[in-house]
Amino acid sequence: MTTAMIDIVTVDGSQAGDIALRGIRVVSRLAGLAESTRIEQTFANRGEQPIEPIYTFPVPDGAAICGFEVITDERVLSGVVDEQEQAQKQYEEAIERGDGAYLLEHERDDIFTVRVGALRPGQVATLRLDYVRELQVVDRQIRLEMPTTLAPRYAGSTGMDSMEALLEADAVNPPKAFAVPYGLSFELDVALGRAAKIASPTHQLKVRESEGPSYQVSLDAGEVAPDRSIVLALELQAENAPRAQVEIGPDGARYAAISFVPDLPETLDSEPSDIVFVVDCSGSMQGSSIAQARQAMELCLRAMKEGDRFRILRFGSNFEELTDGPTLYSPESFSRALKQVQAIEADLGGTELHAALSHIFSSAEQLPSSATGARKQTQVLLLTDGEVFNEDETIALAREHAERYRIFSFGIGAASSQALVYGLARVSHGAAEFIAEGERIEDKVLRCFSRLDSARVEDLRLEIEGIDFELASSRLPPIFDGDALLLLARLGEGSAEEATLRCRHSGEDWESHVALPAKPGEGSGVPLLWARHRIRELEDAERGSAASSRFERSHQDHRARRLIELSRSFGLLCSKTSFFAVEHRRPEDRTQGVPELQRVPVQLAHGWHGLMEGAVAAAGSCTAMPAPEMLACDEFEEAMPGPKSKSRKAFFGGGGGDDSKLKAAPSCVKPKVDSEAAPMAGGDALFELLGTQEPWGYFSDPNSRIGAERLAAWRRIGDAEGIAALDEGRVLGTLMVLALLLLEYEDRRSTWLSASLKARRYLRGAKDWRDDEIEQLIESLVQAGR
Numbered sequence: 028m029t030t031a032m033i034d035i036v037t038v039d040g041s042q043a044g045d046i047a048l049r050g051i052r053v054v055s056r057l058a059g060l061a062e063s064t065r066i067e068q069t070f071a072n073r074g075e076q077p078i079e080p081i082y083t084f085p086v087p088d089g090a091a092i093c094g095f096e097v098i099t100d101e102r103v104l105s106g107v108v109d110e111q112e113q114a115q116k117q118y119e120e121a122i123e124r125g126d127g128a129y130l131l132e133h134e135r136d137d138i139f140t141v142r143v144g145a146l147r148p149g150q151v152a153t154l155r156l157d158y159v160r161e162l163q164v165v166d167r168q169i170r171l172e173m174p175t176t177l178a179p180r181y182a183g184s185t186g187m188d189s190m191e192a193l194l195e196a197d198a199v200n201p202p203k204a205f206a207v208p209y210g211l212s213f214e215l216d217v218a219l220g221r222a223a224k225i226a227s228p229t230h231q232l233k234v235r236e237s238e239g240p241s242y243q244v245s246l247d248a249g250e251v252a253p254d255r256s257i258v259l260a261l262e263l264q265a266e267n268a269p270r271a272q273v274e275i276g277p278d279g280a281r282y283a284a285i286s287f288v289p290d291l292p293e294t295l296d297s298e299p300s301d302i303v304f305v306v307d308c309s310g311s312m313q314g315s316s317i318a319q320a321r322q323a324m325e326l327c328l329r330a331m332k333e334g335d336r337f338r339i340l341r342f343g344s345n346f347e348e349l350t351d352g353p354t355l356y357s358p359e360s361f362s363r364a365l366k367q368v369q370a371i372e373a374d375l376g377g378t379e380l381h382a383a384l385s386h387i388f389s390s391a392e393q394l395p396s397s398a399t400g401a402r403k404q405t406q407v408l409l410l411t412d413g414e415v416f417n418e419d420e421t422i423a424l425a426r427e428h429a430e431r432y433r434i435f436s437f438g439i440g441a442a443s444s445q446a447l448v449y450g451l452a453r454v455s456h457g458a459a460e461f462i463a464e465g466e467r468i469e470d471k472v473l474r475c476f477s478r479l480d481s482a483r484v485e486d487l488r489l490e491i492e493g494i495d496f497e498l499a500s501s502r503l504p505p506i507f508d509g510d511a512l513l514l515l516a517r518l519g520e521g522s523a524e525e526a527t528l529r530c531r532h533s534g535e536d537w538e539s540h541v542a543l544p545a546k547p548g549e550g551s552g553v554p555l556l557w558a559r560h561r562i563r564e565l566e567d568a569e570r571g572s573a574a575s576s577r578f579e580r581s582h583q584d585h586r587a588r589r590l591i592e593l594s595r596s597f598g599l600l601c602s603k604t605s606f607f608a609v610e611h612r613r614p615e616d617r618t619q620g621v622p623e624l625q626r627v628p629v630q631l632a633h634g635w636h637g638l639m640e641g642a643v644a645a646a647g648s649c650t651a652m653p654a655p656e657m658l659a660c661d662e663f664e665e666a667m668p669g670p671k672s673k674s675r676k677a678f679f680g681g682g683g684g685d686d687s688k689l690k691a692a693p694s695c696v697k698p699k700v701d702s703e704a705a706p707m708a709g710g711d712a713l714f715e716l717l718g719t720q721e722p723w724g725y726f727s728d729p730n731s732r733i734g735a736e737r738l739a740a741w742r743r744i745g746d747a748e749g750i751a752a753l754d755e756g757r758v759l760g761t762l763m764v765l766a767l768l769l770l771e772y773e774d775r776r777s778t779w780l781s782a783s784l785k786a787r788r789y790l791r792g793a794k795d796w797r798d799d800e801i802e803q804l805i806e807s808l809v810q811a812g813r
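Its first residue numbered 28, the sequence shown is counted upward by one per residue in this note's numbering.
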């Protein structure tokens, strides 16, 4: 069994000055259909010898990194994109000459490394990294998530060569510290029109409104510890209407970004579903995360409908299937599954997701056909903190089985892997969401479950009459009610007034139109977004492809050439290229010898394995918080850094640096925590109400949740309609709950939609009602209950 090796260090006051990174500043702007962000990292050499700081850090998945500058000694150096090997070679040659050199490298889609070569004693250098990213609109809210740290990644070798796993683990597992001597500031300019709400579940904000209107947002604390993602949610007063932007690219062509926010009709006639619940039970899910995951799964089970089948699998270092294969939903199977879900604990060690998905995909090939007799997709609901490092192999596995499986993935915690969570959903044509500290899992999982219960969208297509166009992706992404769908197209010659999105939904034709601007605009990075999407599709095809034949090797070579060509043409970073800049120095300023490697530690993610909850280190603190009791153990499997090396060139191959300046903590961390899951912080009346739904569809005993005056009015309506005693009062009770949902929880409609549809199906059969008769009864209760 592999022994865990997490490189956790402590940094006391005397050592804080040895760490070259002095601060991080993030400045973002939201305008049009995109987010534009600049990250500034300032490094300083306070020692007496040249140093080479190496800093590994996160960026949002899908970011199109389009700029790299260095400001030092009153000079501005502009970075250049080149193939990785060429960039590394020029970087090395510059350091050997004694010049300064700066390198930005791609590790994962959401992890990058900067190397600051031969920083002279007393020298200060600020690195600027620019990127653009499409706005994330989920359930009609704009969501911005800025990752600030990296959680330890579990380095299981599943899906990878074992030696490759050891060598690559170090790249995504920089040293971790309980506190670091650098902080992070964040500023945001919102230029999207009048906002109804700007809020953050993770940080206190300062918001100032100015003309436009626009909004200037900053952190109330000014500078914070980089120990969790900065998450913002924005609601605009004006509904997110379909819109489009057109800009000219570096090749002179026109590029269009076309955004739709579908408003699809609800239907009670969706087909039965095959659903697999996959829940992460690794140790890093301990506490409130696993408790909320249990409740979310329970509410999903209550919302399932007749004809559905389900499986439940939990995973960590190994996996355990709690159901005996695909199980037909019934009151009996619901009762058994409920007991199993309520007993789930986060007690399975590391995060071996690849093996769990392999088991699901391989065993499902023997499943009988669905209730309708048709071979259809199985829906996978995955809840995980994403602390794995073999993302490419896991995403490739999901892509291989995408025709049969669609994954709805949820990233949980302060530093969940965006590349993994978004990637699994993207290649399987599902959807992804993240649950940050301060947010509840249940809302998002239930909203996703409503997507599963909705009717299938068929024959989705984009039409632009009058001109040819080339979409960035060969296949349109899935469409979900309330989630923005952004399509990026390279336009041909000619002109067009509008674009139309068409599909079939619930047996009916559905379409949405958006006007195309007559003249191109500028400044939002639309061509860069198009190129980033094209690059990502090529990289997805590259993942896991084995060059087992001359034909496949030819395909790989073509993809690699195309990736480099797109990267250079648009000035974007990809998995095959790097940014580099060289600081040419006067002979007397050149350094001598080999600079001392310094790998910059990152702060442990807040709440990791239950550590540091309620005790967040202030930014700039130079004294580490007391470490919890450490135990060496084989069964606690986590991130496994590769071998250390003091050789600079060896580091390019995955080795480590000289961390002798840092105090190493024991290599295996196992905090002593209570085995009982932590209780959820505060109850939620909506979840308590939904928790009364029985597997048949009705709600049991809702009277205690309804005020006396409203209850009396509703009982009078029940008496007048002759339904008060129907099915022992369950019919009226269910109608009352549906009315209560509309009166008290309309703003959380997507959370309770599946439960509502299930209740309506129950009412259909209780008295052979038509759908419009049910709606009239509910409306009469709503009017009487206002």
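All C-beta atoms, glycine included, are put in the ideal place defined by N, C-alpha and C.
Which word fits Glu-359, buried or exposed, when buried means at least 16 other C-beta atoms lie within 10 angstroms of its C-beta? For the purposes of this step, residue 359 is identified with residue 332 of the sequence shown, where counting begins at 1. That one is exposed.
Quick one: residues in its chain with C-beta nearer than 6 Å to the C-beta of Ser-63, no 5 flanking neighbours on either side, listed in chain order? Counting from 1 along the sequence shown, the entry for residue 63 is found at position 36. Correct list, in chain order: Arg-56 and Val-159.
Uninterrupted alpha helix (DSSP H) stretches inside the region 413–474 (no shorter than 4 residues): 418–427 and 445–455
Can Glu-274 and Val-629 be called in contact, C-beta distance under 9 Å? As a first step, residue 274 is located in the sequence shown; it is residue number 247 there, counting from the start. As a first step, residue 629 is located in the sequence shown; it is residue number 602 there, counting from the start. Not a contact, by the Cβ cut-off of 9 Å.
Euclidean distance between Cα positions of Phe-607 and Cys-601: Counting from 1 along the sequence shown, the entry for residue 607 is found at position 580. Counting from 1 along the sequence shown, the entry for residue 601 is found at position 574. Those two C-alpha atoms are separated by around 13 Å.
For Ser-390, which residues from the same chain have a beta carbon less than 8 Å from its beta carbon, with the 5 sequence-adjacent residues on both sides left out? Residue 390 sits at position 363 when you count from the first residue of the sequence shown. So the qualifying residues of the chain are Gly-352.
Pick from Pro-299, Val-407, Asp-335 and Ala-280: whose alpha carbon is nearest that of Gly-341? Residue mapping note: residue 341 aligns to position 314 of the sequence shown, counting from 1. Per the sequence shown, residue 341 should be read as Arg rather than Gly. For Arg-341, the closest alpha carbon among the candidates Pro-299, Val-407, Asp-335 and Ala-280 is that of Val-407.
For Gly-457, tell me which candidate among Pro-505, Val-234 and Asn-730 has the shortest Cα-Cα distance. As a first step, residue 457 must be located in the sequence shown, where it is residue number 430. If we check each option's Cα against that of Gly-457, Pro-505 comes out closest.
Assuming Ile-815 and Leu-473 are in contact, meaning their beta carbons sit under 8 Å apart, how far apart are those beta carbons, in whole angstroms? With the chain represented from 28 up to 813, any question about residue 815 goes unanswered, as that position is not in the structure.
Take the Cβ of Leu-355 as the centre, count every other Cβ of all protein chains shown within 10 Å, and call the residue buried at 16 or more, exposed below. Locating residue 355 in the sequence shown gives position 328, counting from the first residue. Counting Cβ neighbours within 10 Å, Leu-355 comes out exposed, since fewer than 16 surround it.
Can you name the start and end residues of the alpha helix (DSSP H) that Pro-85 belongs to? Residue mapping note: residue 85 aligns to position 58 of the sequence shown, counting from 1. Taken as a continuous stretch (DSSP letters only), Pro-85 belongs to no alpha helix (DSSP H), being part of the beta strand (DSSP E) at 78–85.
Shortest alpha-carbon distance to Phe-304 belongs to which of Ile-257, Phe-461, Glu-347 and Ala-90? For the purposes of this step, residue 304 is identified with residue 277 of the sequence shown, where counting begins at 1. Checking every option, the nearest Cα to that of Phe-304 belongs to Glu-347.
Return the bridge partner residues of Gly-144 from the DSSP annotation. Numbered from 1 along the sequence shown, position 117 holds the residue referred to as residue 144. Ala-128, per the DSSP bridge assignment.
Would you grab the beta carbon distance between Arg-155 and Gly-94 for me? Rounded to a whole angstrom, and I think it's under 8 Å. Taking the sequence shown and counting its residues from 1, the one referred to as residue 155 is at position 128. Taking the sequence shown and counting its residues from 1, the one referred to as residue 94 is at position 67. Taking the Cβ atoms as the reference, Arg-155 lies roughly 7 Å from Gly-94, within the contact range of under 8 Å.
Quick one: residues in its chain with C-beta nearer than 6 Å to the C-beta of Glu-460, no 5 flanking neighbours on either side, listed in chain order? Counted from its first residue, the sequence shown places residue 460 at position 433. Closer than 6 Å at Cβ, skipping near neighbours: Phe-437 and Lys-471.
Of the residues Leu-232, Val-809, Thr-604 and Gly-239, which one's Cα is nearest the Cα of Leu-246? In the sequence shown, the residue the question calls residue 246 occupies position 219. Ranking the options by Cα distance to Leu-246, first place goes to Leu-232.
Which residue wins for smallest C-alpha separation from Gly-465, given the options Leu-259, Arg-612, Ser-605 and Gly-376? Within the sequence shown, the letter at position 438 stands for residue 465. Of Leu-259, Arg-612, Ser-605 and Gly-376, the residue nearest in Cα terms is Leu-259.
Using DSSP's beta-bridge definition, name the partner residues of Arg-155. Your numbering for residue 155 matches position 128 in the sequence shown. Beta-bridge pairing links Arg-155 to Glu-67 and Glu-96.
Glu-566, DSSP secondary structure in three states: Taking the sequence shown and counting its residues from 1, one reaches residue 566 at position 539. It is helical.
Inter-residue Cα distance where the pair is Asp-798 and Ala-218: Residue numbering aside, residue 798 sits at position 771 when the sequence shown is read from its first letter. Residue numbering aside, residue 218 sits at position 191 when the sequence shown is read from its first letter. Straight-line Cα distance between these residues: approximately 43 Å.
According to DSSP, is Tyr-282 helix, strand or coil? Here residue 282 refers to the residue found at position 255 of the sequence shown. Residue state, collapsed to three classes: strand.
What does the alpha-carbon distance come out to for the pair Ile-66 and Ser-300? The sequence position of residue 66 within the sequence shown is 39, counting from 1. The sequence position of residue 300 within the sequence shown is 273, counting from 1. Between Ile-66 and Ser-300, the C-alpha separation is close to 44 Å.
Closest residue to Ala-283 among Leu-513, Ala-632, Thr-719 and Leu-753 (Cα-Cα distance): Locating residue 283 in the sequence shown gives position 256, counting from the first residue. Checked all of Leu-513, Ala-632, Thr-719 and Leu-753; the closest Cα to Ala-283 is Leu-513.
Separation of Gln-163 from Ile-562, as counted between CA atoms: Counted from its first residue, the sequence shown places residue 562 at position 535. Counted from its first residue, the sequence shown places residue 163 at position 136. The alpha-carbon atoms of Ile-562 and Gln-163 are separated by roughly 19 Å.
Does Thr-229 come out as helix, strand or coil in the three-state DSSP assignment? In the sequence shown, counting from the first residue as 1, residue 229 sits at position 202. Coil.
Any 3 or more C-beta pairs closer than 8 Å across the region 582–595 and the region 525–541: no
What residue does the alpha helix (DSSP H) around Gln-322 start on, and which one ends it? In the sequence shown, residue 322 corresponds to position 295, counting from 1. Start and end: 315–330.
Which residues in the same chain have their Cβ closer than 8 Å to the Cβ of Glu-721, if we skip the five residues on either side of it in sequence? Along the sequence shown, read from residue 1 onward, the residue named residue 721 stands at position 694. Closer than 8 Å at the Cβ level, and outside the excluded window around Glu-721, lie Arg-329, Pro-358 and Ser-727.
Beta-carbon separation of Ile-371 and Met-331 under 9 Å? Along the sequence shown, one-based indexing puts residue 371 at 344. Along the sequence shown, one-based indexing puts residue 331 at 304. No.
N- and C-terminal bounds of the beta strand (DSSP E) containing Ser-105: In the sequence shown, counting from the first residue as 1, residue 105 sits at position 78. Segment 102–105, the beta strand (DSSP E) holding Ser-105.
Based on the DSSP secondary-structure assignment, which residues constitute the bridge partners of Thr-411? The sequence position of residue 411 within the sequence shown is 384, counting from 1. DSSP output for Thr-411 lists Gly-438 as bridge partner(s).
Can you tell me where the alpha helix (DSSP H) with Ala-766 in it begins and where it stops? Reading the sequence shown from its first residue, position 739 is the one you call residue 766. For Ala-766, the enclosing alpha helix (DSSP H) begins and ends at 757–771.
What is the DSSP secondary structure of Lys-794, counted as helix, strand or coil? The residue given as residue 794 occupies position 767 in the sequence shown. Three-state DSSP puts Lys-794 in a helix.
Do you know offhand how far Arg-617's Cα is from Val-143's? The residue labelled residue 617 in the question sits at position 590 within the sequence shown. The residue labelled residue 143 in the question sits at position 116 within the sequence shown. Approximately 15 Å, taken between the alpha carbons.
State yes or no: is the C-beta of Leu-599 within less than 9 Å of the C-beta of Glu-569? Within the sequence shown, residue 599 is the residue found at index 572, counting from 1. Within the sequence shown, residue 569 is the residue found at index 542, counting from 1. Against a cut-off of 9 Å, the Cβ pair of Glu-569 and Leu-599 comes out as no contact.
Which of helix, strand or coil does DSSP assign to Pro-269? Residue mapping note: residue 269 aligns to position 242 of the sequence shown, counting from 1. Correct three-state label for Pro-269: coil.
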